[in-house]
Structures are given as structure tokens and as C-alpha cells.
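Participant: One structure follows; several queries about it will come next.
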Amino acid sequence: MKIFFSFMLLFNIILSDTNTIQSIEITTLDGNIFVGTLIEEDENLYRIVTNSGINIDIPKSSIKEVNYIELSSHEDGLYRPDPNKSMYLFAPSAYPIGDGNSYIRNFEVFFTSYNRGFKENISIQAGALIFPIPLENVPAILSAKYSFPKKNNIQFSTGALYMTMPFSGISSFATVITFANATIGDLFRHYSICLGWGYFRDERDVEFMENPLIVFAGNERLSDRTALVFEFWKFPDVEIQYSPLLISTRFIGRNFSVDIGAAISLELLDEGLPIPILNFTYHP
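Residue numbers (the numbering used here): 14 to 297.
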């Protein structure tokens with residue numbers, strides 16, 4: 014526990030200098046997008062000032078959508094937040110998806126999930142393998158997460174995950190894991206420690222965890238369009254050389270992102286066989 018809080022304190026110091034700006038994003042009916050700081054609003058228009066210091070009046074009759082967003086100021090310009098704040102590559106952060114927000118995600122191309130936020134603190138994920146196999150043999154996942162209110166730079170969450178792999182003809186596998194998560198940082202740089210407890214079932218054999226599953230994950234912004242995302246998984250009673258490290262470059266668009274990377278371990282490095290990672294995420 015002392016190590017856990019030492020990590021939190023260290024990352025709080027490292028991440029404390031992020032310069033964030035509360036901004037407004039206005040999309041007009043003709044497709045133009047204006048981003049700036051709101052300086053005046055009345056019943057007819059919004060008046061904003063852009064990062065370049067230009068005042069713009071936008072009639073409300075021409076507006077399609079208004080969003081309040083957080084931007085990060087850097088020497089090379091303003092960075093938009095990564096829309097995938099609630100998840101790293103496979104592991105969750107403590108951040109919620111947000112009320113009414115949703116996204117569709119393809120993990121390793123073929124495993125598709127639908128993710129949606131309810132209220133401001135509940136996030137749900139439901140997914141399955143998209144592949145031409147009998148329905149009763151399709152691997153599936155279902156998870157739910159509750160995020161507690163964020164205080165300073167730290168947010169906590171708790172939840173549960175159920176995953177099953179009922180392949181016919183080979184060993185059938187399922188697991189239920191309850192987890193607790195702590196995330197420190199902001200939407201541009203954040204790190205998480207996740208502890209999970211539960212059981213694994215292989216055919217009729219059930220094994221309960223005596224020690225927790227530990228995941229350390231991070232999302233470090235590199236530029237307006239890229240981020241470094243990683244996860245390190247330490248399974249209970251598994252030697253460190255078999256513990257996987259997932260590392261990826263995330264290419265960030267306005268409504269989508271792509272993760273390109275690899276999963277490695279000391280054992281895989283000895284054999285020269287990293288596992289490729291390719292994920293797609295779309296925010297409608």
C-alpha cells in the first residue's frame with residue numbers, strides 16, 4: 014500500500030504542470046468548426062476569442078452543436094483530449110465515458126465492443142468476437158464500472174468484468190474479475206493502477222485468486238495527434254518473465270483513433286515473437 018501511494022504522489026508531482034484551457038467548440042450548420050474561449054453569450058449569438066486573439070460572433074440560428082472541451086496548451090499549438098479517456102488498450106482507467114457518450118471499439122480488429130456512459134459515473138461495455146463461427150462458440154465480454162468524483166488530479170473507480178471463451182472442441186474458459194482502479198493526471202497525461210480479484214474457470218476446474226491481478230497503465234501525450242499508451246499486467250502466481258507488456262502508438266482523430274503496437278514479455282523477447290496490436294475506435 015505504501016508503494017501504491019508513493020506512485021500516486023510521484024505522478025501527481027510529474028503531471029501537475031499540464032497547462033489546460035477550458036474552451037468552447039461550436040459546429041455550424043454548414044460544417045465549420047470554431048474553437049475558442051467564450052467571452053459573451055446572449056439570446057442571439059455566441060462571441061468567442063480564438064487562440065490567435067481573433068473575436069468571432071456566431072449567430073445561434075446557424076449553430077448545429079455546442080461542446081465545452083478542455084484543451085492543453087503547448088509550444089506547437091493546442092492539443093485536443095484523447096476521446097478514449099476511459100480505456101487504455103484493454104484495461105480501464107478510472108475515468109467515466111460520460112453521460113450519453115458512446116463509442117465502438119475493435120480490439121485486434123475482430124473483437125468488437127460497444128461502450129456507453131450512463132449518468133456521469135457509470136460506464137458499460139459489451140463485446141464479442143466478430144468472426145464466422147457458431148454463435149454458441151463466440152467469445153464475449155461484459156463489464157461495468159462506477160467512477161467516483163474526481164478530486165484534484167486523482168480519480169477512483171470500481172467495477173466488474175465477465176469474459177467467456179466457449180470454443181467447441183477445446184478447453185472452455187471463463188473469468189469473473191472485480192476491480193478497483195486509481196487514475197492520476199488529466200485528459201492529456203494519465204496513469205493508472207488497477208487491482209483485480211476473481212476466479213478463472215477452465216472446463217469444470219475453478220481457481221480463485223489468492224493474490225490480486227495488478228495492472229499498471231499509462232497514456233502519455235506526444236503531440237496533437239499521437240500518444241504513447243501502455244499496460245503492464247502482473248498475473249498472480251505467474252513469474253515476471255511471462256508478464257505481458259502492451260505498448261502502442263495511438264493516432265488520434267476528431268472522432269476516431271488507431272492503436273498500433275505490440276505485446277511483449279521477457280519470454281517472448283527471448284523467442285523474438287512479439288504479438289502485434291491493432292485497435293480501432295470510433296466515436297459517433
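Yeah, the Cβ is synthetic: ideal placement off N, Cα and C, and Gly gets one too.
Where do the ends of the beta strand (DSSP E) carrying Asp215 lie?
Facilitator: Taking the first residue of the sequence shown as position 1, residue 215 is located at position 202. Where Asp215 is concerned, the enclosing beta strand (DSSP E) stretches over 202–215.
Participant: For Ile253, does the count of other Cβ atoms within 10 angstroms reach 16, so buried, or fall short, so exposed?
Facilitator: Along the sequence shown, read from residue 1 onward, the residue named residue 253 stands at position 240. Label assigned to Ile253: exposed.
Participant: In this structure, what does DSSP give as the bridge partners for Ser261?
Facilitator: As a position in the sequence shown, residue 261 is number 248, starting the count at 1. Beta-bridge pairing links Ser261 to Val242, Gly274.
Participant: Between Pro225 and Pro257, is the Cβ-Cβ spacing less than 8 Å?
Facilitator: Numbered from its first residue, the sequence shown carries residue 225 at position 212. Numbered from its first residue, the sequence shown carries residue 257 at position 244. No, Cβ-Cβ distance for Pro225 and Pro257 is not below 8 Å.
Participant: Got a sec, what are the start and stop residues for the alpha helix (DSSP H) Glu83 sits in?
Facilitator: For the purposes of this step, residue 83 is taken as residue 70 along the sequence shown, with counting starting at 1. Not the alpha helix (DSSP H): Glu83 falls in the beta strand (DSSP E), residues 76–87.
Participant: Which same chain residues end up closer than 6 Å to Ser126 when comparing Cβ atoms and leaving out the 5 residues on each side of it in sequence?
Facilitator: Looking up residue 126 in the sequence shown gives position 113. The answer, listed in chain order, is Arg118, Gln138, Gly140.
Participant: Identify whether Tyr255 lies in helix, strand or coil by the three-state DSSP scheme.
Facilitator: Taking the first residue of the sequence shown as 1, we reach residue 255 at position 242. Tyr255: helix per DSSP, three-state reduction.
Participant: Taking Thr50 as the reference, which of Met178, Gly44, Asp70 has the closest Cα?
Facilitator: In the sequence shown, counting from the first residue as 1, residue 50 sits at position 37. Taking only the C-alpha atoms, the option nearest Thr50 is Asp70.
Participant: Per DSSP, Ala104 is paired with what?
Facilitator: Here residue 104 refers to the residue found at position 91 when the sequence shown is read from its first residue. Answer by DSSP bridge pairing: none, since Ala104 is not bridged.
Participant: Rounding to the nearest angstrom, what Cα-Cα distance links Ile265 and His296 in this structure?
Facilitator: Here residue 265 refers to the residue found at position 252 of the sequence shown. Here residue 296 refers to the residue found at position 283 of the sequence shown. C-alpha separation (whole angstroms): 11 Å.
Participant: So what does DSSP say about Asp218, is it helix, strand or coil?
Facilitator: Here residue 218 refers to the residue found at position 205 of the sequence shown. It is a strand residue.
Participant: Considering only their Cβ atoms, is the gap separating Asp218 from Phe186 smaller than 8 Å?
Facilitator: Locating residue 186 in the sequence shown gives position 173, counting from the first residue. Locating residue 218 in the sequence shown gives position 205, counting from the first residue. Their beta carbons are not under 8 Å apart, which means Phe186 does not touch Asp218 by this criterion.
Participant: Quick check on Leu155: does DSSP put it in helix, strand or coil?
Facilitator: Numbered from 1 along the sequence shown, position 142 holds the residue referred to as residue 155. If DSSP states are grouped into helix, strand and coil, Leu155 belongs with the strands.
Participant: Whole-angstrom Cβ separation of Asn232 and Tyr101, contact assumed at under 8 Å?
Facilitator: Translated into the one-based positions of the sequence shown, residue 232 becomes position 219. Translated into the one-based positions of the sequence shown, residue 101 becomes position 88. Correct: roughly 6 Å between the Cβ atoms.
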